[in-house]
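Counted the way numbering that gives the first Met the number 0 counts, the sequence shown spans residues 0 to 387.
C-beta atoms are modelled at their ideal positions from N, C-alpha and C, and glycine is treated no differently.
Fair warning: this is a prediction, and the values are worked out from it, not measured in the lab.
Remarks on the structure that follows.
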Amino acid sequence: MSVDTAGKKSSIATILTAAYEDGAGSVTPPIVQTSLFTFEDYDAFEDRATGRTNQPIYTRVQNPTVSAFENMMAKIETGEAAVAFASGMAAISSSILAFIKSGDRLAAVENVYPDSFRFLEHILKPMGVGVTYHSVGAFENDPDLLDGVTMAYLESPNSMMFETVDVAKVAAHARRHNCMTLIDNSWATPIFQRPLELGIDIVIHSASKYISGHSDTVAGVVISNQQTITQIREHSLTLLGGKLAPFEAFLLLRGLRTLNIRMMAHQASANIFIERLEKTENIVKINSPKAGSVPGLTGRAGLFSVELDPKIDVRSLCNHLRIFKLGVSWGGFESLVVPTKITLAQAGEKNSLQEFNVSANLLRLSIGLEDVEDLWADFASALSQSIV
Ligand SMILES: *Cc1c(COP(=O)(O)O)cnc(C)c1O
């Protein structure tokens, strides 16, 4: 698992743990808690304003601590540049709005993250953008699906159902139709999938999940080539203003130091869990892509869903859990469950998850960093006490 940085191959683990270099010997970056940066004289100010120099001018657009996080993300996703946002949703909406205008068409994969779905439905559609949803199979097998489409919006695996798409195949179809491709890579992280290497144009992350890893920050980040990132930074970051705070960038960099070993630990525990779930009564189906299930996916993250037999009372199961907590989000150190019945009730509207194939007795599990034997004992015990 190595990426090319400045012409020399370095493994991701080594990039993630490289000391910050500011010339003063500090291995971590300073938190540059300022709103603005001043200039020595008129000429320096004018040079910056006209783009002859590139030092930070105002923290809404650029800040050194935030840049340190962006640079690390660009390296590990093998992109030329990155731009950070105050949330995953700010990253998603700002990336789309930087390139989509009224009259354009956007094709999204089914079962995208529910708030991404709502953004497409409640903000993009009323702007006059044509939004359509297609199955993973249609994206892969219909080479003309993207004919006349401005942007293909992917999430692989997608939310709740964890269906994967052959990313390189869709990227190749899109290229033939001059269609821009964007993928939400929050689940796999660059440890398990690097979509830019598979031909995708824009990678986004909810950095609130595995990138942070500590359930203490809400953030987002976008990685692409320099031109695309400049467009997003100057257009939608500057004008919509969803910037990341320097302190949160510091927390994210701190989280990134252990991304590689955390993902390996999540994977090891998820593998054990799934092996056992496959042999457990009243588990009807497990939705969990594993390493190699599509080209380019090299590992299994700790987030998956299981369909329970109708004999299992999901309310009782949830109430019997002791280590697993009930809550949204995922990707942190703590294990969590979400019964889909609750997220659908929260949605209070038709969304893609309801229209398509989510069963009422579906439970999403996020396997954290606890001892896997303790976790399994907790789950197995709650399950056995919940048969009606
Ligand atoms: C959480 C999540 C988002 C949204 O990210 P926020 O940081 O909560 O705004 C987007 N995509 C996926 C897959 C997510 O799980």
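Which value, in whole angstroms, describes the spacing of the CA atoms of V313 and A264?
-> 27 angstroms
In three-state terms, what does DSSP make of N318?
-> helix
Exposed or buried, which one is H204 when buried takes at least 16 other CB atoms within 10 Å?
-> buried
Mark Y152 as exposed unless 16 or more other C-beta atoms lie within 10 angstroms of its C-beta, in which case mark it buried.
-> buried
Residues in its own chain within less than 7 angstroms of G198 by CB, not counting five upstream and five downstream?
-> A167, A170, A171 and R174
Please find out if some non-hydrogen atom of ligand 1 comes closer than 7 angstroms to the beta-carbon of K208.
-> yes
Apart from the five residues just before and just after F118, which ones in its own chain have a Cβ nearer than 6 angstroms to its Cβ?
-> S92
State yes or no: is the C-beta of E247 nearer than 7 angstroms to some heavy atom of ligand 1?
-> no
DSSP-derived helix/strand/coil call for K324 | strand
With respect to 7 angstroms, is the separation between the Cβ of V337 and the closest non-hydrogen atom of ligand 3 below this value?
-> Judged by which ligands are present, ligand 3 is missing from the structure shown, whose ligands are ligand 1.
Taking one C-beta from the segment 11-19 and one from the segment 241-250 each time, how about it: are there three or more such pairs within less than 8 angstroms?
-> no
Is the distance from the Cβ of N140 to the Cβ of V111 below 8 angstroms?
-> no
Own chain, CB closer than 7 angstroms to V65, minus 5 neighbours either side, in chain order = A83, L243, P245 and A248
Local Cβ density within 10 Å of N62, reported as buried at 16 or more and exposed below that = buried
beta-carbon A300 near ligand 1 non-hydrogen atom, thresh 7 angstroms = no
Return the Cβ separation of A67 and I228 in integer angstroms, given the expectation that the two are a contact with Cβ distance under 8 angstroms.
-> That belief does not hold up - the Cβ atoms of A67 and I228 are roughly 16 angstroms apart, past 8 angstroms.
What does L335 pair with, by DSSP beta-bridge criteria?
-> K324 and S365
May I have the straight-line CA-CA distance separating K284 from E306, to the nearest angstrom?
-> 5 angstroms
CB of D183 to nearest heavy atom of ligand 1: below 7 angstroms?
-> yes
Nearest-angstrom Cα distance between L276 and S235?
-> 45 angstroms
Please report how far the alpha carbon of L252 lies from the alpha carbon of I56, in whole angstroms.
-> 22 angstroms
Can you tell me whether DSSP reads E76 as helix, strand or coil?
-> coil
Bridge partners - Y152, DSSP secondary structure assignment = A107 and L181
Sequence-distant residues of the same chain with beta carbon closer than 8 angstroms to D146, five excluded per side | H176
CB contact flag (E76, V202, <8 angstroms) = yes
Sort out for me which residues DSSP pairs G219 with in a bridge.
-> F84 and S205
What residue does the beta strand (DSSP E) around E400 start on, and which one ends it?
-> Nothing can be reported for residue 400, as the shown portion of the chain is limited to 0 through 387.
Got a sec: is the Cβ-Cβ distance from I91 to anything in chain C below 8 angstroms?
-> The structure shown has no chain C; it contains just one protein chain.
Classify T33 as helix, strand or coil using the three-state DSSP reduction.
-> coil
Cutoff 7 angstroms; reference L296; Cβ partners in own chain excluding five residues on either side = T163, A187, F191, Q192, P288 and A290
Go through its chain and collect everything with a Cβ distance to L96's Cβ below 6 angstroms, but skip five positions before and after it.
-> S235
Quick one, which of A269, P29 and F378 has its alpha-carbon nearest L325's?
-> F378
Look at the Cβ atom of L364, then the Cβ atom of I311, and state whether they are nearer than 8 angstroms.
-> no
Relative to ligand 1, is the shortest distance from any of its heavy atoms to the C-beta of M150 smaller than 7 angstroms?
-> no
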